[in-house]
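S.K.: I am attaching a structure below and will ask some questions about it afterwards.
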Amino acid sequence: MPGPPLPSGYLRLSDLVGAPVRGLAGEHLGRVTDVAAGLGAVFPAVELVLVRGGRRGEVVEVPIERVTRFDERGAVLDGPLPPAGDTERADLLFLLRDVLDVQVVDIAARRLARVGEVDLAWDRGALRVIAIDVGWRAILRRLGLRRLARRASRDGIDWAGVHLASGGAHELQLTSPGAAVHRLDPAQIAELLARLTTARGREVLENIPDARAAAALGAVHPELAADLVEVLAPARALTLLQQMPDDGAAAALRDADDERREALLDAMDEGRAGRLRPLIARPPVPAPGAPRPPRRYWGIARGHEGGQR
Amino acid sequence: MSRRTRLAALLAVLGPGLLAGLSDDDPPGITTYSILGADHGYTLLWVLTASTVALVIYHELGARMGIVTGQGLIGLIRERFGVRWTALALVALFGANLGTLCGQFAGIAAALGMAGVPRGIGVPAAAAAVSMLVLRGSFRRVEHVLLALSSVFVAYIVAAFLAHPDWRAAARGLVVPTAPGTRDAALAAVATIGTTLAPWGLAFIQSYVVDKRLRPRDLRYERIDVLLGALLTGVIGAFVVIACAATLNVSGTSINDAQDAAAALEPLAGSAAAALFGVGLLGSGLLAASVLPLSTAYSVTDAAGAEAQLDDRFGEARLFYGAFATIVVVAVVVVCIPGAPLIPILFLSQALNAVLLLPLIVFMRALGRDRRLMGAYALGRTGSIATAATIALIAVSILTTLALSLR
Chain A
17 MPGPPLPSGY LRLSDLVGAP VRGLAGEHLG RVTDVAAGLG AVFPAVELVL VRGGRRGEVV
77 EVPIERVTRF DERGAVLDGP LPPAGDTERA DLLFLLRDVL DVQVVDIAAR RLARVGEVDL
137 AWDRGALRVI AIDVGWRAIL RRLGLRRLAR RASRDGIDWA GVHLASGGAH ELQLTSPGAA
197 VHRLDPAQIA ELLARLTTAR GREVLENIPD ARAAAALGAV HPELAADLVE VLAPARALTL
257 LQQMPDDGAA AALRDADDER REALLDAMDE GRAGRLRPLI ARPPVPAPGA PRPPRRYWGI
317 ARGHEGGQR
Chain B
65 MSRRTRLAAL LAVLGPGLLA GLSDDDPPGI TTYSILGADH GYTLLWVLTA STVALVIYHE
125 LGARMGIVTG QGLIGLIRER FGVRWTALAL VALFGANLGT LCGQFAGIAA ALGMAGVPRG
185 IGVPAAAAAV SMLVLRGSFR RVEHVLLALS SVFVAYIVAA FLAHPDWRAA ARGLVVPTAP
245 GTRDAALAAV ATIGTTLAPW GLAFIQSYVV DKRLRPRDLR YERIDVLLGA LLTGVIGAFV
305 VIACAATLNV SGTSINDAQD AAAALEPLAG SAAAALFGVG LLGSGLLAAS VLPLSTAYSV
365 TDAAGAEAQL DDRFGEARLF YGAFATIVVV AVVVVCIPGA PLIPILFLSQ ALNAVLLLPL
425 IVFMRALGRD RRLMGAYALG RTGSIATAAT IALIAVSILT TLALSLR
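Chains A and B are the protein sequences, given in the same order. In terms of the working numbering, the first sequence opens at residue 17 and continues consecutively. In terms of the working numbering, the second sequence opens at residue 65 and continues consecutively.
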């Protein structure tokens with residue numbers, strides 16, 4: 017999968033990190049250790065360059081406005097390094113720490129992948145994250161096997177279709193309106209939930225609007241729905257179940273643990289609970305040819321257990 | 065929570081720790097424990113005690129990391145340390161797994177050899193059979209049969225009692241460390257560590273808990289699972305050593321082939337000892353030879369970041385199937401080399417395991433201590449000391465073996 021075409025002059029994060037940082041007169045100031053971007057826009061704009069330098073070798077944050085040139089040859093600042101700050105911006109995505117090598121869900125291709133490279137490009141004065149590469153080319157290149165890398169194909173994903181599934185970036189995306197997760201329809205959210213851990217799935221359901229969350233919960237595999245019902249805060253689980261059709265709510269409650277299921281049924285109005293109880297006790301036989309709910313992510317246990325749990 | 069609910073929760077969680085722990089009682093494991101008892105009597109039993117404690121510590125850590133992060137070991141190493149360190153870890157894991165798979169096929173060859181089947185026919189046939197079963201998703205149908213065959217090694221417990229061992233010496237050997245003074249003794253200690261705390265088990269247990277979608281609230285039950293698996297393997301291993309010490313060591317017999325090792329079961333099985341031992345070797349060898357290539361293939365795809373499933377077509381998961389085929393074919397070729405010594409393959413592959421284990425547990429400790437990654441589940445002071453002590457013990461054992469070899 018070659019992915020979206022890249023603009024000429026695009027930059028790779030792995031080339032930027034470790035690059036030298038100089039002043040206008042060419043004096044050595046330090047080296048780039050990371051690059052931080054804000055998640056406000058669909059394509060995050062770099063706001064800070066982290067530089068290790070100074071007499072004590074501490075890491076300092078340099079606002080991107082102070083960088084007059086930034087490419088694989090290094091960065092040039094408009095003056096000396098600023099003093100080291102005390103706090104780390106919690107609202108920024110640190111591309112080396114939070115993105116490179118972490119797991120992502122490629123929403124369009126419905127797959128879990130790992131980021132091998134982060135591609136950036138200058139766009140009207142802003143340095144933006146535009147895509148990631150999850151293929152062999154990026155890995156081989158970073159291993160120093162450049163000749164082999166040139167023969168490998170790129171497997172790129174447009175940043176707009178990426179959800180970071182591990183590390184601290186997951187929560188940051190959930191609270192950032194520009195992130196991909198907020199543009200997904202319920203079926204896509206269900207695909208996403210099937211590839212996340214249960215704890216991260218809970219966070220997704222807690223950060224999207226009720227109607228979409230309820231529809232997504234109804235679209236995942238019933239076992240996963242039950243897991244999610246168990247880990248959601250009781251009030252949130254109840255809200256979502258109330259918005260689901262009877263068969264979907266019954267399916268989600270069927271495999272949930274007894275205590276949680278009874279507590280949720282007791283909290284519903286008597287009529288709804290009365291309709292759900294027989295449905296929970298007697299699972300419906302699926303119609304022939306009915307679409308299957310998204311499968312869970314099977315790995316080693318599936319191999320060992322032959323796909324049955 | 066009622067007692068019944070707690071029991072149900074425990075049963076739902078059981079599996080990863082038991083399987084990863086009990087898998088150590090495979091042909092290389094049984095052979096290594098047999099050599100330990102036959103050549104060194106009860107004196108090095110403490111190495112097995114220490115290895116079992118290390119098994120509990122690192123399997124618990126692996127399970128904890130899987131539950132908290134939802135990722136496999138190699139994937140986590142890539143996330144926190146980047147592609148270059150991942151390449152190192154993967155080379156170590158692949159090398160260890162290849163050695164151990166050679167050991168499994170050597171065990172199968174030894175078992176079939178006792179029945180008169182040439183290894184050139186038996187080993188490729190066994191490899192083809194287990195690969196087909198696993199790749200076609202039919203493994204579950206025979207898994208319990210193989211588990212039942214492997215369980216004949218429990219017979220060592222009875223055999224040990226019937227052999228009238230020196231229980232006082234055995235008890236002292238279990239808890240009082242004595243330094244191995246010769247190269248062979250040091251090598252036996254290293255191989256015992258490598259077979260008990262096998263690298264593939266570390267990757268396997270973490271992947272397994274991820275795929276079972278265990279949650280932090282399951283951790284207390286998973287700890288019981290890990291403890292049970294480690295205790296069972298430690299207890300069976302100890303009785304193998306005791307049975308061999310009470311029979312082979314007393315008679316001055318060294319283990320040069322499977323028949324020699326089987327003699328330790330004679331107090332129980334008499335003339336059927338060889339057949340009993342052969343059945344155990346075959347069952348446990350086939351079981352491990354099924355799971356090991358699969359675990360390796362998942363680790364390789366995990367390092368590359370690819371998502372692979374057994375029902376993917378070859379074109380969709382070339383790396384997965386390529387890794388599976390490579391490790392199986394290379395192991396079969398090594399074991400089928402005419403005249404390749406089976407017992408040294410079984411034994412030395414486990415010493416190699418211990419060497420390749422070191423970088424992996426150093427990574428595991430660093431990951432386990434990372435609060436950003438593990439949050440409240442990060443290793444505390446006690447866990448950090450215990451994991452560091454394990455690393456130090458293994459490093460000292462390897463260095464001692466090297467020093468004694470060069471003397």
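A virtual CB, placed ideally from N, CA and C, is assigned to each residue, including glycine.
#1: Quick one: Cα of A/L32 to Cα of A/G90, how far?
#2: Do the segment 102-121 of chain B and the segment 437-457 of chain B touch if we need at least three Cβ pairs shorter than 8 Å?
#3: Please look up how many angstroms separate the CB atoms of B/A310 and B/A224, rounded, as I've assumed it's under 8 Å.
#4: Could you check the C-alpha separation between A/D273 and A/L280 for me, to the nearest Å?
#5: Any idea what DSSP makes of A/Q119, helix, strand or coil?
#6: Measuring CA to CA, which of B/H123, B/L140, B/G347 and B/V396 is closest to B/A367?
#7: Output, in chain order, the set of chain B residues within a Cβ distance shorter than 9 Å of A/R158.
#8: Given a cut-off of 7 Å, decide if B/D88 and B/T360 are closer than it, judged by their beta-carbon atoms.
#9: Counting only C-beta atoms, is A/T49 closer than 7 Å to chain B at any point?
#10: Quick check on this structure: which residue in B/Y272, B/S413, B/L422 and B/R277 has the alpha carbon closest to the alpha carbon of B/S363?
#11: For B/Y97, which residues from the same chain have a beta carbon less than 6 Å from its beta carbon, with the 5 sequence-adjacent residues on both sides left out?
#12: Of all the beta strand (DSSP E) runs that stay within the bounds of the segment 361-421 of chain B, which reach a length of 3 or more residues?
#13: Would you tell me roughly how many angstroms separate the C-alpha atoms of A/G217 and A/H198, rounded to the nearest one?
#14: In chain A, which residues lie less than 8 Å from B/A368 when you measure between Cβ atoms?
#15: By Cβ distance below 6 Å, which residues in the same chain neighbour B/G160 in space, the five residues on each side in sequence not counted?
#16: Which residue comes first and which comes last in the beta strand (DSSP E) that contains A/F110?
#17: Can you tell me whether DSSP reads A/E239 as helix, strand or coil?
#18: Since B/A191 meets chain A, which of its residues come closer than 8 Å, beta carbon to beta carbon?
#19: Quick one: grab the DSSP three-state call for A/F86.
#20: Flag A/D149 as yes if its beta-carbon sits less than 7 Å from any beta-carbon of chain B, otherwise no.
#21: Kindly indicate the opening and closing residues of the beta strand (DSSP E) around A/E133.
#22: How would you call B/I401, buried or exposed, if buried means at least 16 neighbouring beta carbons within 10 angstroms?
#23: Between B/G93, B/A328, B/L340 and B/A76, which has its C-alpha nearest B/I409's C-alpha?
#24: What is the DSSP secondary structure of B/V181, reduced to helix, strand or coil?
#25: With a threshold of 7 Å between beta carbons, is B/G126 in contact with chain A?
#26: Within the continuous beta strand (DSSP E) that includes A/D50, where are the two ends?
#27: Less than 7 Å between the beta carbons of A/F86 and A/W175, yes or no?
#28: Have a look at A/A137, A/R130 and A/W152 and flag the residue whose alpha-carbon is nearest the alpha-carbon of A/V6.
#29: Kindly indicate which three-state DSSP category B/G186 falls into: helix, strand or coil?
#30: Go through its chain and collect everything with a Cβ distance to A/V178's Cβ below 8 Å, but skip five positions before and after it.
#31: Counting beta carbon pairs with one atom in the segment 385-395 of chain B and one in the segment 228-235 of chain B, are three or more of them shorter than 8 Å?
#32: Could one say the Cβ of A/T255 lies closer than 7 Å to chain B's Cβ atoms, at least one of them?
#33: Which runs of the beta strand (DSSP E) spanning at least 3 residues fall entirely within the segment 156-219 of chain A, listed in chain order?
#34: Could you tell me the alpha carbon to alpha carbon distance between A/A35 and A/R68, rounded to whole angstroms?
#35: For B/P241, count neighbouring C-beta atoms within 10 Å of its own C-beta (all shown protein chains included) and say buried if the count is 16 or more, exposed if not.
#36: Does the contact criterion of 3 or more C-beta pairs under 8 Å hold for the segment 335-349 of chain B versus the segment 129-145 of chain B?
M.R.: In short, the structure shows the following:
#1: If I take the Cα positions, the gap works out to 7 Å.
#2: The segment 102-121 of chain B, when compared against the segment 437-457 of chain B, does touch it at the 8 Å Cβ threshold.
#3: Right, their Cβ atoms sit about 7 Å apart.
#4: Going from the Cα of A/D273 to the Cα of A/L280 covers about 11 Å.
#5: Strand at A/Q119.
#6: That would be B/L140, whose Cα lies nearest to the Cα of B/A367.
#7: Here the neighbours are G146, V147 and R148.
#8: No; because the gap between Cβ atoms is not below 7 Å, this pair is not in contact.
#9: Taking Cβ atoms only, chain B never reaches closer than 7 Å to A/T49, which makes this a no.
#10: Checked all of B/Y272, B/S413, B/L422 and B/R277; the closest Cα to B/S363 is B/Y272.
#11: The answer, listed in chain order, is G301, V304 and V305.
#12: Runs found: none.
#13: Going by the C-alpha atoms only, they are around 14 Å apart.
#14: Neighbours of B/A368 across chain A, judged by C-beta separation under 8 Å: R130, W152 and I155.
#15: Note on residue identity: the sequence assigns Ala, not Gly, to residue 160 of chain B. Closer than 6 Å at Cβ, skipping near neighbours: P263, N417 and L420.
#16: Its beta strand (DSSP E) spans residues L108 to F110.
#17: Helix.
#18: Going along chain A, no residue has its Cβ under 8 Å from B/A191, so there is no contact; the nearest lies around 17 Å.
#19: Here A/F86 carries a strand assignment [DSSP, helix/strand/coil].
#20: Judged by the 7 Å Cβ criterion, A/D149 is not in contact with chain B.
#21: In the DSSP annotation of this structure, the continuous segment of the beta strand (DSSP E) that includes A/E133 starts and ends at E133 to D139.
#22: So B/I401 counts as exposed.
#23: Taking only the C-alpha atoms, the option nearest B/I409 is B/G93.
#24: Look at B/V181 here: in three-state DSSP terms it is coil, with no helix or strand label.
#25: False, the Cβ-Cβ gap to chain A never drops below 7 Å.
#26: A/D50 -> beta strand (DSSP E) spans H44 to G54.
#27: The answer is no: Cβ separation not under 7 Å.
#28: Not covered by the structure: residue 6 of chain A. The range shown for chain A is 17 to 325.
#29: DSSP places B/G186 within a helical segment (H, G or I) once states are collapsed to three.
#30: Counting only Cβ-Cβ distances below 8 Å, and skipping sequence neighbours, we find V120, V121, D122, I123, I148 and A196.
#31: The segment 228-235 of chain B is not in contact with the segment 385-395 of chain B.
#32: So no, A/T255 is outside the interface.
#33: Given a length threshold of 3 residues, each whole run of the beta strand (DSSP E) inside the segment 156-219 of chain A is given here in chain order: 172-174 and 178-180.
#34: Roughly 11 Å separates the two Cα atoms.
#35: Only exposed fits B/P241, as fewer than 16 other CB atoms lie within 10 angstroms of its CB.
#36: Not touching, per the Cβ criterion.
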